[in-house]
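Heads up, the thing below is written out as structure tokens.
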Amino acid sequence: MQRIDSLRAVAQRPGQADSVRYQALQALSDALFPQDVAAGRRAGEQAVQLARQRRDWPNAAEALYQLVVNCERAADYVAAMRYSQQGAGLARAHQLPSEWRFTQCMGLVAVDTKDLPNGLRHLRQAYYQQATAGDVSPRERGGLLLNLANTFLVMHRYDSVLHYASKALPYMQRAGDARGLGYAQQFRGEVYAMMEPQTKATLDSAAVNMSRALRIMRRHGYGAQTASSALALARVYRLQGRAAASQRMAELALSLARELKMPDYQADALASLAWAQADQGRVARSFELDNRAQYLRDSLLNGDKAQALAQLQVSYNVKLLTEQKRAAEFEQRSQQAQLQSLWLLLGGLSTSLGVGGWLYWRLRGQKVLLARANQANCQAVAEKEVLLQEIHHRVKNNLQLVSGLLGWQASTLPEPALVAALEGSRARIQRMAMVHEFLYQADNISQVRMDHYLRQLLDSLRSALATPEQLIALSTELAPVILSHKEASTLGLLVNELVTNAYKHGFAGLARGQLHVSLAHRPTGFQLTVADDGAGMPAKDAPAKPHSLGMQIVRTLTKQLKATLSVTPCSPTGTRLELTRE
595 MQRIDSLRAV
605 AQRPGQADSV
615 RYQALQALSD
625 ALFPQDVAAG
635 RRAGEQAVQL
645 ARQRRDWPNA
655 AEALYQLVVN
665 CERAADYVAA
675 MRYSQQGAGL
685 ARAHQLPSEW
695 RFTQCMGLVA
705 VDTKDLPNGL
715 RHLRQAYYQQ
725 ATAGDVSPRE
735 RGGLLLNLAN
745 TFLVMHRYDS
755 VLHYASKALP
765 YMQRAGDARG
775 LGYAQQFRGE
785 VYAMMEPQTK
795 ATLDSAAVNM
805 SRALRIMRRH
815 GYGAQTASSA
825 LALARVYRLQ
835 GRAAASQRMA
845 ELALSLAREL
855 KMPDYQADAL
865 ASLAWAQADQ
875 GRVARSFELD
885 NRAQYLRDSL
895 LNGDKAQALA
905 QLQVSYNVKL
915 LTEQKRAAEF
925 EQRSQQAQLQ
935 SLWLLLGGLS
945 TSLGVGGWLY
955 WRLRGQKVLL
965 ARANQANCQA
975 VAEKEVLLQE
985 IHHRVKNNLQ
995 LVSGLLGWQA
1005 STLPEPALVA
1015 ALEGSRARIQ
1025 RMAMVHEFLY
1035 QADNISQVRM
1045 DHYLRQLLDS
1055 LRSALATPEQ
1065 LIALSTELAP
1075 VILSHKEAST
1085 LGLLVNELVT
1095 NAYKHGFAGL
1105 ARGQLHVSLA
1115 HRPTGFQLTV
1125 ADDGAGMPAK
1135 DAPAKPHSLG
1145 MQIVRTLTKQ
1155 LKATLSVTPC
1165 SPTGTRLELT
1175 RE
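With my numbering, letter number 418 in the sequence shown gets 1012, and the count goes up by one each step, no holes.
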């Protein structure tokens, strides 16, 4: 507080040199932001105004950039976007080399508010602007590349993630930036872990890169990043069948999450630890840890409903600000054109101008009322979306609880047939829970991108069904088909049945095989194909099982989707199932 008072005294001292006052205002803004965001913004804006009055454009740009950084740290994204737009316009008007910094900030704000297409567009534009800028440090070049890699990772475009993360590595090494090096290695590890088909080589590469990231983050004391790397490495070790190593990483992440008071990481670490215990046959301990994880996640959800609603409103405000900027630029161009015509018609149009002015103010008032109504509608939609997300979250938790109870009951039964039946039901319930988990995490619940959802579902199925005795390569070709949440849930359950059946029965007696899942657009619907090169369909004289539970579920789900299912043999071996809705 004493430092803030002394900086404020320097900034307000009469006769103070402008350069000293500018530096004092900058330092005052930085000091105020952690305590009072509005006061910090006012001090920063005064620094910008002082630099503008002196026509000191580089310092005006620097003050705007510092405002952007502080607003981003304070999660004041609307102000950050506004200052970024002002800074980009200032840099462009006075040919300053810092325009790329403001464009990058616009991209980061868009990504933070889940506007990924605009975020990627701004970051790519910043990349091209940076290439033509003069004095750019290796840390800045590497940082922009990592921001691009992170955006592509969120968009599941893994080839681009690997490209930009690998490109960032030499810049971060040259800059001696340990955090940047850790992020680059972590991104590379994430990509190798997601690669299809998942092989020993890709998992080994994922483990190597993630281990490097973990060592770097841990050595330099980056606690949150260390916890994140440990969680990711625990998942990879589990895919490799290294249950004890997975447990050690989950325990490290849990310890750091508790120390840093990060309940979201703590819940993920408990869930990962539960899987590790289950893989080592400790069912009771696994069930206990999973319940603790679900309880913690429920607590977080109840505490974050208001925050989620606020985030939706911030996203709306940022988009509104961008649209207002575009509208202002269009209106400015229109006014310039109208002004040229106005001088030609001014003499004889005084009466018409009066009527036009009256109409203008009336339309402007209607526009204000319409904007208020639109904002109220957006608020109502946001509230309903948060409530729907909470419903899906609770349904998912209840299904997982039922799954855990079935697993516990199966472990107490001596009859293998009953155990197998319970395990089959448990697997179906887990897939149903995954549908609801995806829906409550989705940005738009009313429209589900099936390529994103099915990719997550198939990754989970491969992890659950793959065995060391069989090498089954799962490949996908998924178009961005949009379905309602009800149809997405139905199609997800159907894919679960078909793929599970292929894994369990299609490759009986075979050491390796290929399984391909594709989803394609149709003029008014879609086509799902599940094809394998396994043992093929039963011989004609073999006893069929038309009334098996799996086939009954498939037929019921097909009817619900109003689709048709065809089953044909592949050449030379295998089976091809096509679900078509025209």
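In this text, a Cβ means the ideal position worked out from N, Cα and C, and glycines have one as well.
Going by beta carbon distance, what residues of the same chain come within less than 6 Å of residue i, once the five residues before and after it are set aside?
i	result
residue 870	837, 840, 841 and 844
residue 847	821, 824, 825 and 863
residue 739	758, 761 and 762
residue 799	786
residue 692	655 and 685
residue 1162	1170
residue 765	732, 735 and 736
residue 803	779, 782 and 783
residue 1134	Confidence in residue 1134 is poor, its pLDDT being 47 and thus under 50, which makes the residue's placement unreliable; the coordinate value appears in the next sentence. No residues qualify anywhere along the chain.
residue 1056	1068
residue 604	618
residue 1093	1055
residue 789	796
residue 1160	1172
Beta-carbon within less than 7 Å of residue i's beta-carbon, same chain only, minus the 5 sequence neighbours each way: which residues are those?
i	result
residue 1060	1066
residue 719	697
residue 1003	1016
residue 668	627 and 631
residue 812	820
residue 1097	1059 and 1066
residue 939	Confidence is the limiting factor: at residue 939 the pLDDT is only 49, short of 50, which leaves the residue's position unreliable and the question unanswerable from this model.
residue 1156	1175
residue 772	810 and 814
Is residue i near residue j, with beta carbons less than 8 Å apart?
i	j	result
residue 791	residue 1054	no
residue 1121	residue 1172	yes
residue 755	residue 787	no
residue 1174	residue 1158	yes
residue 833	residue 797	yes
residue 996	residue 1044	no
residue 1030	residue 989	yes
residue 675	residue 705	no
residue 616	residue 644	yes
residue 872	residue 887	no
residue 1125	residue 1164	yes
residue 1028	residue 1051	yes
residue 623	residue 664	yes
Count the other C-beta atoms from every protein chain shown that fall within 10 angstroms of the C-beta of residue i, then say buried if there are 16 or more, exposed otherwise.
i	result
residue 1058	exposed
residue 1136	Reliability of the predicted coordinates at residue 1136 is poor, the pLDDT of 40 falling under 50, and the value obtained from them is presented with this limitation in mind. By the 10 Å Cβ count, residue 1136 comes out exposed.
residue 745	buried
residue 1091	buried
residue 1115	exposed
residue 1073	exposed
residue 875	exposed
residue 607	exposed
residue 1103	exposed
residue 1083	buried
residue 943	Here residue 943 scores only 47 on pLDDT, less than 50, and its place in the model is too uncertain to base an answer on.
residue 670	buried
residue 815	exposed
residue 679	buried
residue 793	exposed
residue 629	exposed
Compute the beta-carbon to beta-carbon distance between residue i and residue j, rounded to the nearest angstrom, for a pair I have assumed lies under 8 Å.
i	j	result
residue 1085	residue 1077	7 Å
residue 1144	residue 1128	No, residue 1144 and residue 1128 are not in contact; Cβ-Cβ is about 16 Å, not under 8 Å.
residue 1007	residue 1020	Rounded, the Cβ-Cβ distance is 13 Å, inconsistent with contact.
residue 878	residue 854	That belief does not hold up - the Cβ atoms of residue 878 and residue 854 are roughly 29 Å apart, past 8 Å.
residue 1048	residue 1113	6 Å
residue 661	residue 625	About 14 Å; that fails the 8 Å criterion.
residue 769	residue 736	6 Å
residue 619	residue 596	Actually they do not touch by this definition, with Cβ atoms about 18 Å apart.
residue 1119	residue 1081	Wrong, their Cβ atoms sit about 10 Å apart, outside the cutoff.
residue 730	residue 723	10 Å between Cβ atoms; not a contact.
residue 1042	residue 1099	Actually they do not touch by this definition, with Cβ atoms about 29 Å apart.
residue 721	residue 690	Wrong, their Cβ atoms sit about 18 Å apart, outside the cutoff.
Residues in the same chain with beta-carbon distance under 8 Å from residue i, minus the five sequence neighbours each way, listed in chain order, please.
i	result
residue 890	857, 860, 861 and 864
residue 566	The structure shown has nothing for residue 566, since the chain only spans 595 to 1176.
residue 1062	835
> Between the stretch 714 to 722 and the stretch 737 to 752, do three or more beta carbon pairs fall short of 8 Å?
Replying inline: yes
> So, do the stretch 629 to 637 and the stretch 645 to 653 have three or more beta carbon pairs nearer to each other than 8 Å?
Replying inline: no
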